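Visitor:
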Amino acid sequence: LSRPAELLGTNGYGLPQPSEWEHLESESSQRQKQLLALSGDLDKEVRALLEPDRAAEMAANEANVKQIGEHLRKLHKASGGIELP
19 LSRPAELLGT NGYGLPQPSE WEHLESESSQ RQKQLLALSG DLDKEVRALL EPDRAAEMAA
79 NEANVKQIGE HLRKLHKASG GIELP
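Take 19 as the starting number for the sequence shown in the numbering used here and just add one per residue.
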């Protein structure tokens, strides 16, 4: 996604012209969906290769990170911090 002109199928490089933005947004959205799907598939395949103990350890770590994130957001909100939509 670092070369917008690549998504337009042109040899140009740089900022897309106003007439190209709609096509670019559509192509960018499709590519992002593909990359997210590939990332999810890869994650599943790698996790399937893990030993059960290691998989359980990773799941516990992810749960801890999620809990810490929620706690930090609550502290931030309680201290009057801004909230993004």
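Backbone N, C-alpha and C define an ideal beta-carbon position, used for all residues, glycine too. Keep in mind it's a predicted model, so treat the numbers as computed, not measured.
If L26 sits next to H41, beta carbons under 8 Å apart, how far is it from one beta carbon to the other, in whole angstroms?
Guide: The residue given as residue 26 occupies position 8 in the sequence shown. The residue given as residue 41 occupies position 23 in the sequence shown. So it is a contact: roughly 6 Å between Cβ atoms.
Visitor: Measure the Cβ-Cβ separation of K92 and E101 and say whether it is below 8 Å.
Guide: Residue numbering aside, residue 92 sits at position 74 when the sequence shown is read from its first letter. Residue numbering aside, residue 101 sits at position 83 when the sequence shown is read from its first letter. No, the Cβ-Cβ distance between K92 and E101 is not below 8 Å.
Visitor: With C-beta atoms as the reference, is A73 less than 8 Å away from R65?
Guide: For the purposes of this step, residue 73 is identified with residue 55 of the sequence shown, where counting begins at 1. For the purposes of this step, residue 65 is identified with residue 47 of the sequence shown, where counting begins at 1. Contact: yes.
Visitor: In angstroms, rounded to a whole number, what distance separates the CA positions of W39 and L68?
Guide: Indexing the sequence shown from 1 puts residue 39 at position 21. Indexing the sequence shown from 1 puts residue 68 at position 50. Spanning the two alpha carbons is a distance of roughly 43 Å.
Visitor: S37 lies in the alpha helix (DSSP H); which residues open and close that run?
Guide: Taking the first residue of the sequence shown as position 1, residue 37 is located at position 19. Neither: S37 is in no alpha helix (DSSP H) and is coded neither H nor E.
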